[in-house]
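Undergrad: Residue numbers (my numbering), protein chains in the order written: chain V, 336 to 476; chain R, 59 to 227.
Note that CB positions come from ideal geometry on N, CA and C, so glycine has one too.
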Amino acid sequence: MPDKKTSAANQFIQSLPHSVALGMELVEIGDGFAVIRMPYDKRLIGDPETGVIHGGAVSALMDTCGGAAVMSHPSGANGTATLDLRIDYMRPATPGQTITARAECYNATRSVAFVRATATDDDHERPVAAATGAFTLERSK
Amino acid sequence: MTRTRPEPVQVVKQRRDNALRVIVEGVPYAQFLGIEFERHGDELTAVLPFNEKLIGNPALPALHGGATAAFLEVTAIIELSWSMVWEDLETGRIDAGDLDRTHLPRLPKTIDFTVDYLRSGLPRDAYARARVNRSGRRYASVHVEGWQDNRSRLFAQATGHFLMPSRDE
Numbered sequence: 336m337p338d339k340k341t342s343a344a345n346q347f348i349q350s351l352p353h354s355v356a357l358g359m360e361l362v363e364i365g366d367g368f369a370v371i372r373m374p375y376d377k378r379l380i381g382d383p384e385t386g387v388i389h390g391g392a393v394s395a396l397m398d399t400c401g402g403a404a405v406m407s408h409p410s411g412a413n414g415t416a417t418l419d420l421r422i423d424y425m426r427p428a429t430p431g432q433t434i435t436a437r438a439e440c441y442n443a444t445r446s447v448a449f450v451r452a453t454a455t456d457d458d459h460e461r462p463v464a465a466a467t468g469a470f471t472l473e474r475s476k
Numbered sequence: 059m060t061r062t063r064p065e066p067v068q069v070v071k072q073r074r075d076n077a078l079r080v081i082v083e084g085v086p087y088a089q090f091l092g093i094e095f096e097r098h099g100d101e102l103t104a105v106l107p108f109n110e111k112l113i114g115n116p117a118l119p120a121l122h123g124g125a126t127a128a129f130l131e132v133t134a135i136i137e138l139s140w141s142m143v144w145e146d147l148e149t150g151r152i153d154a155g156d157l158d159r160t161h162l163p164r165l166p167k168t169i170d171f172t173v174d175y176l177r178s179g180l181p182r183d184a185y186a187r188a189r190v191n192r193s194g195r196r197y198a199s200v201h202v203e204g205w206q207d208n209r210s211r212l213f214a215q216a217t218g219h220f221l222m223p224s225r226d227e
C-alpha cells in the first residue's frame, strides 16, 4: 500500500517527461533510498538482433533513481542535478523483463550527494548494471 | 600507365550514406530519442533535436541527465560501428550492393560509460561527436563531447569502454 511519501515521490517522477516517456514507475522510497522500475519496451531496444534494452535507457533509469534517492535523503534537498554518473554493464538484461533500479544516497555533504545504484531484471542474484554518481544538493535558504 | 577513373562523387556519397543509414536504423533506441547523424567524409556529428519528452527538470526546464547520457552513448556506439564499416566499405570488403544489417558487423557492447555533466542541458537541439581513442581487436575506448549553442562550451562529455564484436564470423 502506497504511503504518503511514496505517492508524493511518484508524483515527482510522473512530473519528469523523460521518465514518463520511458515508462518508469516508483516502487519504493525511503530515507536516501529509492526503487524504480522500467517495464520492457520494444522502443528502448539497443540491438535488434538480441532485443536487449539500450544501455542509454538503463542510464536514464539509474539517473532518475539516483536523483530520487538524493531528494529523499534526510538532509532535505529541494533540488538536485547529476554531476557525474558511471555505469558498469555486467550482463545484458533478459529481453521481455522489467528492469528495476535500487539507489542509495550513502553520503551527503552540504552541497554534494554521493549515490550508488544497481539494476536487476527478474534474476535478482545477478545484477545487470551498477552505477556510482555524484549529484548536486540544492537547499532552500 | 593506366589509371582507373575515380568513381562519380554521387556513387561514393550514396554508398557511404546508405551504410550510415543502415547502421543508425539498426538501433531502435536512437529512433526513439530522435537522434540523427550528419556526415562529412568519415566525420560524424550526432544531432538530438529538442523534444518535450527529453525534459528531466520541468521547472528550469533542462534535459534529463539520462537523455544526455543515452545521446552520448548512442553517438559512441554509432561512431565505433561506423569506423569499422568505413574501412570495409572503402576497401571493398563489404559490397555496396548488399548493405543490410546481416552483412554489417554486430554492434559493440558497452562495458562501462561515465558521463560528466558540465552544465544543464538547455531545451534546444544538442550535438555530439565521438573520438575513438583506442580500438583493439577486443576492446575500444571512446570519448564523446556534447554541446548545444557553442562548440567550445560543452554541456556534457563522456568516456566509455566497449567490447568489440568478433569479426571472423
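Run through the DSSP bridge pairs and tell me what THR62 of chain R is partnered with.
TA: Taking the second sequence and counting its residues from 1, the one referred to as residue 62 of chain R is at position 4. According to DSSP, THR62 of chain R bridges with nothing at all.
Undergrad: Counting Cβ pairs, one atom from each stretch, are 3 or more of them under 8 Å apart for the region 359-372 of chain V and the region 68-75 of chain R?
TA: With a cut-off of 8 Å, the region 68-75 of chain R and the region 359-372 of chain V do not count as touching, because too few Cβ pairs lie within range.
Undergrad: Buried or exposed: which applies to TYR197 of chain R, given that a residue is buried once 16 or more other Cβ atoms fall within 10 Å of its Cβ?
TA: Here the question's residue 197 of chain R lines up with position 139 in the second sequence. Exposed.
Undergrad: Given SER354 of chain V, which residues of its chain have a CB within under 6 Å of its CB, disregarding the five upstream and five downstream residues?
TA: Numbered from its first residue, the first sequence carries residue 354 of chain V at position 19. These residues qualify, in order along the chain: ILE348 and THR399.
Undergrad: Quick one: Cα of VAL447 of chain V to Cα of GLY414 of chain V, how far?
TA: Taking the first residue of the first sequence as position 1, residue 447 of chain V is located at position 112. Taking the first residue of the first sequence as position 1, residue 414 of chain V is located at position 79. C-alpha separation (whole angstroms): 11 Å.
Undergrad: With burial defined as no fewer than 16 other Cβ atoms inside 10 Å of the residue's Cβ, what is the status of ASP490 of chain V: buried or exposed?
TA: The question about residue 490 of chain V has no answer here: the residues shown for chain V are numbered 336 through 476.
Undergrad: For GLU227 of chain R, does the count of other Cβ atoms within 10 angstroms reach 16, so buried, or fall short, so exposed?
TA: For the purposes of this step, residue 227 of chain R is taken as the residue at position 169 of the second sequence. Annotation note: pLDDT 48 at GLU227 of chain R (below 50); position unreliable, no value reported.
Undergrad: Locate the alpha helix (DSSP H) running through ALA356 of chain V, then write down its first and last residues.
TA: Position 21 of the first sequence, counting from 1, holds the residue named residue 356 of chain V. Residues 352-356.
Undergrad: Using a Cβ cut-off of 9 Å, which residues of the region 132-145 of chain R contact any Cβ in chain V, in chain order?
TA: Answer set for the region 132-145 of chain R: VAL132 and ILE135.
Undergrad: For ALA120 of chain R, tell me which candidate among V:ALA454, V:LEU351 and V:ASP382 has the shortest Cα-Cα distance.
TA: By 1-based counting over the second sequence, the position of residue 120 of chain R is 62. Checking every option, the nearest Cα to that of ALA120 of chain R belongs to V:LEU351.
Undergrad: Where do the ends of the beta strand (DSSP E) carrying ASN442 of chain V lie?
TA: Position 107 of the first sequence, counted from the start, is the residue given in the question as residue 442 of chain V. Residues 434-443.
Undergrad: Just tell me which of R:ALA216, R:ALA77, R:LEU162 and R:VAL200 has its CA closest to the CA of GLU96 of chain R.
TA: On the second sequence, residue 96 of chain R is found 38 positions in, with the first residue counted as 1. Residue R:ALA77 is the option with its Cα nearest to GLU96 of chain R.
Undergrad: At what residues does the alpha helix (DSSP H) containing SER139 of chain R begin and finish?
TA: Mapped onto the second sequence, residue 139 of chain R falls at position 81. Looking at the DSSP string, the run of the alpha helix (DSSP H) that includes SER139 of chain R is 123-148.
Undergrad: Please tell me whether ALA188 of chain R and ALA395 of chain V are closer than 8 Å, where the distance is taken between their beta carbons.
TA: In the second sequence, counting from the first residue as 1, residue 188 of chain R sits at position 130. In the first sequence, counting from the first residue as 1, residue 395 of chain V sits at position 60. Not closer than 8 Å, so no.
Undergrad: Just by C-beta distance, which residues in the region 384-395 of chain V are closer than 7 Å to chain R?
TA: The residues in question are GLU384, HIS389, GLY390, GLY391, ALA392, SER394 and ALA395.
Undergrad: Could you check what DSSP says for GLU96 of chain R in three-state terms: helix, strand or coil?
TA: Here residue 96 of chain R refers to the residue found at position 38 of the second sequence. Look at GLU96 of chain R here: in three-state DSSP terms it is strand.
Undergrad: What is the rounded straight-line gap between the Cα of MET336 of chain V and the Cα of ALA343 of chain V?
TA: On the first sequence, residue 336 of chain V is found 1 positions in, with the first residue counted as 1. On the first sequence, residue 343 of chain V is found 8 positions in, with the first residue counted as 1. For MET336 of chain V, the pLDDT reaches just 48, beneath the cut-off of 50, and the residue's location in the model is therefore unreliable, leaving the point undetermined.
Undergrad: Would you call THR444 of chain V buried or exposed, if buried means 16 or more other Cβ atoms sit within 10 Å of its Cβ?
TA: As a position in the first sequence, residue 444 of chain V is number 109, starting the count at 1. That one is exposed.
Undergrad: Check the C-beta distance from ARG421 of chain V over to THR467 of chain V and give it rounded, since I have them as a contact under 8 Å.
TA: Counting from one through the first sequence, the residue named residue 421 of chain V turns up at place 86. Counting from one through the first sequence, the residue named residue 467 of chain V turns up at place 132. Indeed they touch by this definition, with Cβ atoms about 5 Å apart.
Undergrad: Please classify PHE108 of chain R: does DSSP put it in a helix, a strand, or coil?
TA: Counting from 1 along the second sequence, the entry for residue 108 of chain R is found at position 50. Of the three classes helix, strand and coil, the one that applies to PHE108 of chain R here is coil, per DSSP.
Undergrad: If you reduce the DSSP assignment to three classes, tell me which class GLN215 of chain R lands in.
TA: The residue given as residue 215 of chain R occupies position 157 in the second sequence. Three-state DSSP puts GLN215 of chain R in a strand.
Undergrad: Please check the pair LEU106 of chain R and GLY92 of chain R, which I expect to be a contact at CB under 8 Å, by giving their CB distance rounded to whole angstroms.
TA: Start at 1 with the first residue of the second sequence, and residue 106 of chain R comes out as number 48. Start at 1 with the first residue of the second sequence, and residue 92 of chain R comes out as number 34. Confirmed, Cβ separation roughly 7 Å.
Undergrad: LYS465 of chain V to THR429 of chain V, Cα distance in whole Å?
TA: Residue numbering aside, residue 465 of chain V sits at position 130 when the first sequence is read from its first letter. Residue numbering aside, residue 429 of chain V sits at position 94 when the first sequence is read from its first letter. Sequence check: residue 465 of chain V is Ala here, not Lys. ALA465 of chain V and THR429 of chain V have their C-alpha atoms spaced approximately 16 Å apart.
Undergrad: Given a cut-off of 8 Å, decide if ILE434 of chain V and VAL393 of chain V are closer than it, judged by their beta-carbon atoms.
TA: Numbered from 1 along the first sequence, position 58 holds the residue referred to as residue 393 of chain V. Numbered from 1 along the first sequence, position 99 holds the residue referred to as residue 434 of chain V. The Cβ atoms of VAL393 of chain V and ILE434 of chain V lie closer than 8 Å to each other.
Undergrad: In whole angstroms, give me the CA-to-CA distance for ASP153 of chain R and GLY179 of chain R.
TA: Taking the first residue of the second sequence as 1, we reach residue 153 of chain R at position 95. Taking the first residue of the second sequence as 1, we reach residue 179 of chain R at position 121. Distance between the alpha carbons of ASP153 of chain R and GLY179 of chain R: 41 Å.
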